[in-house]
Amino acid sequence: MLAGACVLAIECQESRIDFRLRTRYVDKKATTLDEALAMIAEATQNKQAISVGLLGNAAEILPELVKRAQAGGMRPDIVTDQTSAHDLVNGYLPAGWTVDQWEAARTQDPKSVEAAARPSIVKHVQAMLDFQKMGVPTVDYGNNIRQVAFDEGVKNAFDFPGFVPAYIRPLFCRGKGPFRWVALSGDPEDIYKTDAKMKELFPEDKHLHRWLDMAHDRIAFQGLPARICWVGLDERHRAGLAFNEMVRSGELKAPVVIGRDHLDCGSVASPNRETEAMRDGSDAVSDWPLLNALLNTAGGATWVSLHHGGGVGMGFSQHSGVVIVCDGTDAAARRIERVLWNDPATGVMRHADAGYDIAIECAHEKGLNLPMVKGA
Numbered sequence: 002m003l004a005g006a007c008v009l010a011i012e013c014q015e016s017r018i019d020f021r022l023r024t025r026y027v028d029k030k031a032t033t034l035d036e037a038l039a040m041i042a043e044a045t046q047n048k049q050a051i052s053v054g055l056l057g058n059a060a061e062i063l064p065e066l067v068k069r070a071q072a073g074g075m076r077p078d079i080v081t082d083q084t085s086a087h088d089l090v091n092g093y094l095p096a097g098w099t100v101d102q103w104e105a106a107r108t109q110d111p112k113s114v115e116a117a118a119r120p121s122i123v124k125h126v127q128a129m130l131d132f133q134k135m136g137v138p139t140v141d142y143g144n145n146i147r148q149v150a151f152d153e154g155v156k157n158a159f160d161f162p163g164f165v166p167a168y169i170r171p172l173f174c175r176g177k178g179p180f181r182w183v184a185l186s187g188d189p190e191d192i193y194k195t196d197a198k199m200k201e202l203f204p205e206d207k208h209l210h211r212w213l214d215m216a217h218d219r220i221a222f223q224g225l226p227a228r229i230c231w232v233g234l235d236e237r238h239r240a241g242l243a244f245n246e247m248v249r250s251g252e253l254k255a256p257v258v259i260g261r262d263h264l265d266c267g268s269v270a271s272p273n274r275e276t277e278a279m280r281d282g283s284d285a286v287s288d289w290p291l292l293n294a295l296l297n298t299a300g301g302a303t304w305v306s307l308h309h310g311g312g313v314g315m316g317f318s319q320h321s322g323v324v325i326v327c328d329g330t331d332a333a334a335r336r337i338e339r340v341l342w343n344d345p346a347t348g349v350m351r352h353a354d355a356g357y358d359i360a361i362e363c364a365h366e367k368g369l370n371l372p373m374v375k376g377a
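Count the sequence shown with the numbering used here and you get residues 2 to 377, in order.
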């Protein structure tokens with residue numbers, strides 16, 4: 002909806018839709034597909050962007066949407082899936098099951114849940130493949146649903162791409178990805194001040210400005226106030242240094258903690274998500290998360306973590322995480338400059354090493370010395 006499109010989001014638990022209504026993450030709730038499609042048709046006619054939370058099971062509703070589209074009904078402009086299909090017991094409601102039945106079986110007979118989820122995912126992915134055959138852009142969102150379908154005999158499950166090779170990789174090539182910070186004061190005003198600082202630092206980034214303006218109005222804080230946006234190499238360390246100075250001067254009431262997502266450009270080996278379909282075939286090479294962790298440790302990060310499973314499930318990926326604290330000291334400034342340069346630089350190095358021209362050009366522009374890459 003924030004991008005100017007209408008969104009149909011299918012959710013099997015009504016309490017979750019109600020929560021998102023209260024926090025303004027979704028605009029309307031529907032209990033039937035006809036009701037949801039009528040809401041979207043009306044909004045589209047009025048040139049309005051709305052999000053509709055539809056109570057139901059995606060494994061049942063997607064095949065029905067395919068049938069309707071094939072019969073001349075509404076065709077989506079893009080299709081994806083964000084069920085937690087990487088966890089077949091706790092993350093995926095099998096078709097034909099009630100939520101109460103599912104919740105009871107998860108503890109009493111988890112194997113029955115998994116056994117029912119697998120054929121359900123086959124039908125679910127087949128519906129996504131059908132949309133793709135109709136010319137509807139269809140992408141996997143990194144939840145391993147294609148892998149489950151493939152293991153169950155859907156040999157063309159990977160015919161539709163993951164969202165990273167489809168859309169995101171050019172940003173990764175420039176070290177750009179989710180950049181997150183938290184106000185330890187607990188005061189939302191500290192986040193609003195850092196929002197303003199980001200806009201001041203990067204006046205030409207209209208996408209960033211638009212996002213920050215919308216986030217201020219639409220994104221509810223949970224727990225400590227936090228913000229996330231996408232910035233890359235030669236930008237993150239400038240933001241971190243500016244935040245540190247704001248803490249030093251007293252403009253912010255308390256230190257700020259900077260981290261990022263496990264969706265990242267250079268700290269991940271995830272063949273079904275971030276590193277899917279790498280140009281040089283290095284999808285599963287896990288040296289890069291380890292190198293990233295070592296670089297951030299040497300740079301003076303507040304903490305570094307090594308973990309796996311992000312999005313795609315345990316055993317299917319390796320990641321390294323990083324956090325740096327802006328406490329207003331000179332020592333923190335030195336650490337911030339190193340860590341918030343090295344961390345996104347790993348993403349540029351990783352993609353330059355894989356042969357991506359955008360990354361090689363970025364390395365040259367930013368002065369990264371990469372002896373293993375010709376032209377960088």
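Even for Gly, the Cβ is constructed at its ideal location relative to N, Cα and C. Since this is a predicted model, take the numbers as computed values, not measurements.
Express the C-alpha separation of residue j and residue i in angstroms, rounding to a whole number.
i           : j           : result
residue 273 : residue 249 : 43 Å
residue 233 : residue 176 : 5 Å
residue 113 : residue 92  : 14 Å
residue 145 : residue 86  : 6 Å
residue 58  : residue 11  : 7 Å
residue 75  : residue 65  : 11 Å
residue 23  : residue 220 : 11 Å
residue 149 : residue 3   : 31 Å
residue 173 : residue 352 : 8 Å
residue 340 : residue 204 : 24 Å
residue 7   : residue 261 : 28 Å
residue 39  : residue 359 : 43 Å
residue 35  : residue 51  : 16 Å
residue 83  : residue 331 : 43 Å
residue 403 : residue 364 : Outside the shown range of the chain, which is 2 to 377, sits residue 403, and nothing can be said about it.
residue 305 : residue 320 : 11 Å
Look up residue i in the DSSP assignment and give the residues it is bridged to.
i           : result
residue 228 : 182
residue 319 : 270
residue 254 : Residue 254 is not bridged to any residue.
residue 259 : 182 and 325
residue 29  : 53
residue 1   : The first residue shown for the chain is 2 and the last is 377, placing residue 1 beyond what the model contains.
residue 80  : 139
Quick one, which of the options has its alpha-carbon nearest residue i's?
i           : options               : result
residue 270 : 252, 261, 325 and 292 : 292
residue 218 : 192, 243, 329 and 258 : 192
residue 41  : 78, 61, 103 and 13    : 78
residue 285 : 256, 355 and 15       : 355
residue 318 : 268, 334 and 247      : 268
residue 37  : 46, 28, 53 and 49     : 53
residue 155 : 137, 170, 131 and 142 : 131
residue 197 : 228, 223, 170 and 169 : 228
residue 158 : 208, 134 and 32       : 134
residue 171 : 367, 275 and 48       : 275
residue 120 : 111, 141 and 96       : 96
For residue i, decide whether its Cβ has a neighbour in chain C, counting only Cβ atoms nearer than 8 Å.
i           : result
residue 121 : The chain labelled as chain C is not found in the depicted structure, where only one protein chain is given.
Using a Cβ-based criterion (distance less than 7 Å to any ligand heavy atom), does residue i qualify as near the ligand PLP?
i           : result
residue 275 : Summarising the ligand content, the structure contains no ligands, and the ligand PLP is consequently not present.
Please give the ranges of any beta strand (DSSP E) in the segment 300–355, keeping only runs that are unbroken, at least 3 residues long and fully inside the region. Counting only unbroken stretches of 3 or more residues, the beta strand (DSSP E) elements lying wholly within the segment 300–355 are 304–308 and 319–327, in sequence order.
The segment 307–318 / the segment 364–377 touching (three or more Cβ pairs under 8 Å): The segment 307–318, when compared against the segment 364–377, does not touch it at the 8 Å Cβ threshold.
Which parts of the segment 92–169 are runs of the alpha helix (DSSP H), unbroken and 4 residues or longer, counting only runs that do not cross its ends? If we require 4 residues or more, the alpha helix (DSSP H) runs fully inside the segment 92–169 come out as 100–109, 111–134 and 146–152.
So, do the segment 340–357 and the segment 169–184 have three or more beta carbon pairs nearer to each other than 8 Å? Short answer: they touch.
Taking 8 Å as the threshold, find out whether the segment 122–132 comes into contact with the segment 148–162 through three or more Cβ pairs. yes
For the segment 98–106 and the segment 161–173, state whether three or more C-beta atom pairs, one from each stretch, are separated by less than 8 Å. no
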